[in-house]
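Notes for the one structure printed next.
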């Protein structure tokens, strides 16, 4: 029963955040920042970005 209570509490909390525009703005900014940091850390995506930058440099 404790697992059900935890899940229910999580849904109630998320619903509260979803109806608050200030909380959504903060979550969006935090998500954008963390997403940008994760893209730089993952080697596969870093190689894709470096290839695109190299292609753009060759065109100029």
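Residue numbers (my numbering): 30 to 89. Ideal Cβ placement from N, Cα and C applies to all residues, glycine included.
Beta-carbon gap between residue 46 and residue 37 smaller than 8 Å: no
Extent of the continuous alpha helix (DSSP H) run through residue 74: 72–88
Enclosing alpha helix (DSSP H) for residue 48 [first to last residue]: From DSSP, residue 48 is part of no alpha helix (DSSP H); its letter is neither H nor E.
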